[in-house]
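The next block holds one structure in the form of structure tokens; read it before the comments.
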Amino acid sequence: MHARKLGTQGLEVSAVGLGTMGMAGVAGMGDMYGPVDEAEAIRTIHRALEIGVTFFDTAEVYGPYANEQLLGRALKGRRDRAIIATKFGFRIEDGRIAGVDGRPEHVCRAIDGSLERLGVDCIDLWYQHRIDRSVPIEDTVGAMAEQVRAGKVRYLGLSEVGAATLKRAHAVHPLSALQSEYSLWERSLEGEVISTCRALGIGIVAYSPLGRGFLTGLVPDPETLGPNDYRRLDPRFLDGNYDRNLAIVRDLTRVATRHGATPAQVALAWLLHQGPDIVPIPGTKRRIYLEANAAAADLALTADDIAALSALQPTAGQRYTEQGMASIDR
Numbered sequence: 034m035h036a037r038k039l040g041t042q043g044l045e046v047s048a049v050g051l052g053t054m055g056m057a058g059v060a061g062m063g064d065m066y067g068p069v070d071e072a073e074a075i076r077t078i079h080r081a082l083e084i085g086v087t088f089f090d091t092a093e094v095y096g097p098y099a100n101e102q103l104l105g106r107a108l109k110g111r112r113d114r115a116i117i118a119t120k121f122g123f124r125i126e127d128g129r130i131a132g133v134d135g136r137p138e139h140v141c142r143a144i145d146g147s148l149e150r151l152g153v154d155c156i157d158l159w160y161q162h163r164i165d166r167s168v169p170i171e172d173t174v175g176a177m178a179e180q181v182r183a184g185k186v187r188y189l190g191l192s193e194v195g196a197a198t199l200k201r202a203h204a205v206h207p208l209s210a211l212q213s214e215y216s217l218w219e220r221s222l223e224g225e226v227i228s229t230c231r232a233l234g235i236g237i238v239a240y241s242p243l244g245r246g247f248l249t250g251l252v253p254d255p256e257t258l259g260p261n262d263y264r265r266l267d268p269r270f271l272d273g274n275y276d277r278n279l280a281i282v283r284d285l286t287r288v289a290t291r292h293g294a295t296p297a298q299v300a301l302a303w304l305l306h307q308g309p310d311i312v313p314i315p316g317t318k319r320r321i322y323l324e325a326n327a328a329a330a331d332l333a334l335t336a337d338d339i340a341a342l343s344a345l346q347p348t349a350g351q352r353y354t355e356q357g358m359a360s361i362d363r
């Protein structure tokens, strides 16, 4: 697995990372992508290191807290081989999300909690998960920068923010990464946000690069999914959008067939071809999918492939519910 640089501050990670959210779900939302076998999840993390995947993404709200603890257990004795990224920024009450909190005093509490749960002395990349519009971003990032100076964090990032917020935050302390949803399924990052990242020297970490599994071609009709599966509420899976979006998978599969690859591998390869500053973090809790996803780093697409994929029909439906969309800064 070759490496890529995120930002200009020296952070280097594997070209494809591993998103671990599905190993614990999200606060108050249960197992978002089906039941979890913790032993297999830990074996997946160990296998990732064996094949050169060094970049692991988690967050305090995953579980809540349980995902950081699981990753910490899995990496015990292996810490020097891993780049750990985690996120803070939600107020969690009784195991559920109760709002956002970007106050400096919360920043200080959050970092100490994540360090303890992960069982580490320093976090490699630390993001604010969602901005708190009641707190100036300068105050939040200023408090985050204090954690860098204290030696508790190496690099800083933000998640799901727009160009104006990036500029204001970066002026306080250099950002190494913006984490946002980006894929053939979701391309709203293109244009001003990506241009701003490149002008400022900020890397891009693409979460949900497989469209919450849709781009694998393996996700069944949402009516057949488990009762706690997040996709039963995802607008892109509802109201006829699931059937409309199958055309994207059909076109993706045609390209994959020509390369002897899977649709998921082609979707990841397309992202990697968008620039050397982009690192996808496909999530999985099983070794078989981890290995297939990692292999996408070696898949060379032609210029015609890239053009055809980039011209796929727009995805039907917005990517979150109205409540979820309200948390996105653009």
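Position one of the sequence shown corresponds to residue 34 (this note's numbering), numbered consecutively onward.
Don't be surprised by glycine CBs; every beta carbon is placed ideally from N, CA and C.
Ranked by Cα distance from G96, the first of D338, D127, H306 is D127. Runs of the alpha helix (DSSP H) lying entirely within the segment 315–354 and spanning at least 4 residues, in chain order: 320–328, 336–343. T91 has no beta-bridge partner at all, per DSSP. Between L148 and the set R264, I361, I84, A118, the nearest pair of CA atoms involves A118. Listed in chain order, the non-local C-beta contacts of E101 below 8 Å within the same chain comprise T91, A92, E93, Y95, T119, S147, R150, L151, local neighbours out to five positions each way being set aside.
For the set P242, G244, N274, M177, the Cα lying nearest the Cα of E256 is the one of N274. Secondary structure at Y188: strand, using DSSP grouped into helix, strand and coil.
In this structure, the alpha-carbon of G40 lies about 33 Å from that of G250. One alpha carbon belongs to R283, the other to A297, and they sit about 12 Å apart.
Around the Cβ of P347, a 10 Å sphere holds fewer than 16 other Cβ atoms; the residue is exposed. In the same chain as T354, and ignoring 5 residues on each side of it, the C-beta atoms closer than 7 Å to its own belong to L266, P268, in chain order. Taking 4 residues as the minimum length, the alpha helix (DSSP H) runs contained wholly in the segment 142–220 are 170–182, 196–205, in order along the chain.
By the neighbour-count criterion, in which a residue is buried when 16 or more other Cβ atoms sit within 10 angstroms of its Cβ, A131 is exposed.
Using a Cβ distance threshold of 8 Å, K318 and A74 count as a contacting pair. In the three-state reduction of the DSSP assignment, S47 falls in the strand class. The straight-line gap separating the alpha-carbon atoms of I227 and I237 is approximately 8 Å.
Selection E45, R287, H35, F88 evaluated against T53 yields F88 as nearest (Cα-Cα).
Per DSSP, the beta bridge partners of F123 are V133. The alpha-carbon separation between R106 and V153 amounts to approximately 10 Å. Distance from the CA atom of R166 to the CA atom of A48, rounded to whole angstroms, is 33 Å. Cα atoms of L211 and E193: separation of roughly 7 Å, rounded to the nearest angstrom. By the C-beta density criterion, H35 is exposed, having fewer than 16 other C-beta atoms within 10 angstroms.
In the structure shown, G55 falls within a helical segment according to DSSP collapsed to helix, strand and coil.
Going by DSSP, I227 is part of the alpha helix (DSSP H) stretching over 225–233.
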